[in-house]
Amino acid sequence: MHLIVALAAGIGLSTAPVLAPAASADTGTATVAPSTTGGVLGPNVYVFNPSMSQDSIQSTLDAISAQQIPNQFGTQRYELLFEPGTYGSTADPLVFQVGYYTSIAGLGKDPSDTVIVGQADTFNQCTDGDQSQCFALENFWRSISNLTIDVAGGSGCTGNTEFWAVSQAAPMRRVAVNGNVTLMDYCDGSPDYASGGFIADSSFTGGTVINGSQQQFIVRDSALDGWSNGVWNQVFCGDPGAPAQSFSSNSGDAGGTSPYTTLATCPTTREEPYLYTDSSGHYQVFVPSAQTSSSGPSWASGSTPGTSLPLSSFFVVQSTTTVAQINLALALGRNLLFTPGVYQVPSTIHVLYPDTKIVGLGFATLIPTRGNTTMDVAPVPGVNVSGLIFDAGPVTSPNLLSLSGLPGTASLSWYRNDPTSIDDVFFRVGGAEVGSVKTAFVDDASDSIIDDVWSWRADHGAGGGSWTSDTADTGAVIGGDDVTAYGLAVEHYQKYETVWSGQGGTVLFFQNENPYEVPSQADWMASPTQDGYPAFYIPKSVTSFQGYGMGVYSYFNQGVPIENAMAFQVPDSPGVQFHDILTVFLNGSGGIDSVINGTGAPVSSTFGGPSDIVSYP
């Protein structure tokens, strides 16, 4: 009895190394009032309610955003929660910005329960004083979910428009936007580049969504009033109001068709678990059910189907928690909830049982310190991992997150009807600190769902720009059968960047940039006769696969003519099919010689692309 009580309270039980935050999240350059902090959810969770003065809410939001907007590789983390009710008014709107490592979420069971009359914005960042280098290319690691925005406020160019100018790792989920919304910041300087993005389970009324300069984007199971344009690769599945399929061999060219890949439904989905308060004011975690052939928001015709779990079923990981405590809690059948922070993980976290939920708040970040795998998952169904950043540590790890699988489980209804899911999970090698890993993410779990994953070997920050620093071979290896991925981005790894060896896989939206800093062609050869490495590789044993809306880009920046023989290398099998795939030369030297298996026009400084293939074979 005392042991279980101690676990629930997060009280130290052993002398094992502490899973400690690298820094407290309330020690930045701005002063943040502690009066709204989230109690059991930790000091870096802020809970607002409509009875609070709007001035108090505004000042807290402004202080956090002032700290976090420039804080790309800082250690501060925040979860900002809004209890059900209305915040702001048309006369006095609540307008604020969302910076790095900040999650904004409503605490209602449905998005309509929490309403912000105003704007929750993300704008360009400018790297010079004259606003000639302003873009959203590095607007990562932030999110908004489970609320309604009645757009109001702002001034001048930004008035009465929700600005969500983001790139990778910045999901919007379960959001109803009533009014104008843009995914590009066209107000602050130029050239306004953006490299998003992911929207799911949302609704947009009152105006066309402005894509603008977004190079690529995926929208899943959302209702649209219109979509303005595409650049290279815009993917839609299960989106009433989405533009019609129009990807062609000249998509993205001047005068060409829009690069739209549009599917009427999504094959298999499972929405991300989310925190809410019940009618008694108690925290619950809602776990949505799996859906097949989904279309439109899961809450469009009533509450999302699924199951509620009381917070008491979760072991709340705090700053003093040890890995030994976490593994004991998991062995006792508990779920995990990580409070916001940056945690050093000296040994592997073992997820053992079916239907275990691992929920991260405020982009909680886990770093292995002894060359260990950070987290592994047993070959069981129904596990969810969501809302976490997995950083590589200073000693080379084999993996950061590994999902195990058993042969033949794809044919079992237990797995198929209760799929494991990975939502808003982001892998990072370098950037914040120098790190190393062999393969960042391994998914051998059949029937699993990958929903918004970015596996990134850093091209800037700590170690960024050095071939011998932040070493990492592969960003993702998918070995499970019948795995479905929505919004998979894998960038800058040094060998085969993505390996898909499972049968029956489906990918809707893939984005890749080859590594920038390859020092010589000899350092980057898949074989003595094959230049470079494919960004997406399927071994010859695979006989079935479907890929939709997949793009690979090059920018070899060392002044050396680096060539990549092909972006995609796959078996020539009738069951392995690709739809709407492309390559682009961004800048630099060299280029990509073909799109897939030697087919498709090369891209280089002579022809930058996109080089489009509508279908293969």
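Residues 1 to 617 in UniProt numbering are what the sequence shown lists, from first letter to last.
Built from N, CA and C at the ideal position, the CB exists for glycine as well.
Burial state of residue i, where buried means 16 or more other Cβ atoms lie within 10 Å
| i | result |
| --- | --- |
| Q125 | buried |
| A410 | buried |
| residue 626 | Because the chain is modelled from 1 through 617, residue 626 falls outside the range shown and cannot be assessed. |
| D572 | exposed |
| Q131 | exposed |
| V231 | buried |
| H282 | exposed |
| F540 | A small fix is needed here, since residue 540 is Lys in this sequence, not Phe. The residue is exposed, with fewer than 16 neighbouring Cβ atoms inside 10 Å. |
| P310 | exposed |
| Q494 | buried |
| G609 | buried |
| N250 | exposed |
| A489 | buried |
| S56 | exposed |
| G333 | exposed |
| T31 | Caution is warranted here: a pLDDT of 33 is assigned to T31, below 50, making its placement in the model unreliable, and the coordinate value is therefore given only provisionally. Burial call: exposed. |
| L403 | buried |
| W414 | exposed |
| Q67 | buried |
| Q530 | exposed |
| G405 | buried |
| N587 | exposed |
Local conformation of residue i per DSSP, three classes
| i | result |
| --- | --- |
| T31 | With a pLDDT of 33 at T31, under the threshold of 50, the modelled position of this residue cannot be trusted; read the value that follows with caution. In the structure shown, T31 sits in coil (DSSP, three-state: anything other than H, G, I, E or B). |
| A522 | helix |
| I538 | coil |
| C134 | strand |
| A25 | No answer about A25 holds up, because its pLDDT of 34 lies below 50 and its placement is not dependable. |
| R416 | helix |
| Q245 | coil |
| G281 | coil |
| C187 | coil |
| N597 | coil |
| N178 | strand |
| N564 | strand |
| L19 | In this predicted model, L19 has a pLDDT of only 48, less than 50, meaning its place in the structure is not dependable; the value taken from the coordinates is given anyway. If DSSP states are grouped into helix, strand and coil, L19 belongs with coil. |
| V40 | helix |
| S604 | coil |
| L275 | strand |
| T158 | helix |
| A254 | coil |
| T409 | helix |
| S313 | helix |
| P259 | coil |
| E491 | strand |
| W141 | coil |
| N512 | strand |
| H579 | strand |
| D531 | strand |
| W164 | strand |
| P240 | coil |
Expected contact under 8 Å - CB spacing of residue i and residue j to nearest Å
| i | j | result |
| --- | --- | --- |
| F441 | S455 | 6 Å |
| G196 | F217 | 5 Å |
| V316 | V45 | With 8 Å as the limit, V316 and V45 do not qualify as a contact, their Cβ atoms being about 11 Å apart. |
| N514 | S554 | 5 Å |
| G219 | D239 | Sequence inspection shows Val at residue 219; the Gly mentioned does not correspond to that position. About 5 Å separates the two Cβ atoms, so the contact holds. |
| S228 | I210 | 5 Å |
| P50 | G85 | 3 Å |
| F427 | G475 | 7 Å |
| S436 | A392 | 6 Å |
| N399 | T439 | 5 Å |
| P394 | D418 | That belief does not hold up - the Cβ atoms of P394 and D418 are roughly 37 Å apart, past 8 Å. |
| D612 | P602 | About 13 Å; that fails the 8 Å criterion. |
Any non-hydrogen atom of the ligand MG within 6 Å of residue i CB
| i | result |
| --- | --- |
| L403 | Among the ligands in the structure shown, none appear at all, so the ligand MG cannot be discussed. |
Contact with chain C by residue i, beta-carbon distance below 7 Å
| i | result |
| --- | --- |
| G256 | In the structure shown, chain C cannot be found, because there is only a single protein chain. |
Inspect the CB distances between the segment 354 to 365 and the segment 382 to 390 and report whether three or more fall short of 8 Å. yes
Can we say the segment 479 to 493 touches the segment 446 to 455, given the rule of at least three CB pairs closer than 8 Å? yes
Below 8 Å, can you find three or more Cβ-Cβ pairs linking the segment 135 to 147 to the segment 254 to 263? no
Whole beta strand (DSSP E) elements within the segment 46 to 130, 3-residue minimum: 78 to 82, 85 to 87, 94 to 97, 102 to 106 and 114 to 121
Using 8 Å as the cut-off, can you tell me whether the segment 103 to 121 makes contact with the segment 319 to 327, which would need three or more C-beta pairs spanning the two stretches below that distance? no
At 3 residues or longer, what runs of the beta strand (DSSP E) sit wholly inside the segment 324 to 369? 335 to 338, 342 to 345, 349 to 351 and 357 to 368
Whether or not the segment 72 to 89 and the segment 163 to 182 are in contact is what I'm after, with contact meaning three or more pairs of Cβ atoms, one per stretch, closer than 8 Å; do they touch? no
Using a Cβ distance threshold of 8 Å, determine whether the segment 498 to 518 contacts the segment 540 to 552, with at least three qualifying pairs required. yes
Given 8 Å as the limit, is there contact between the segment 267 to 286 and the segment 564 to 578, that is, 3 or more CB pairs closer than that? no
With contact counted as at least three CB pairs below 8 Å, one residue from each stretch, are the segment 369 to 376 and the segment 291 to 303 in contact? no
Sequence ranges, beta strand (DSSP E) only - wholly within the segment 450 to 507, length at least 3: 472 to 478, 484 to 491 and 498 to 500
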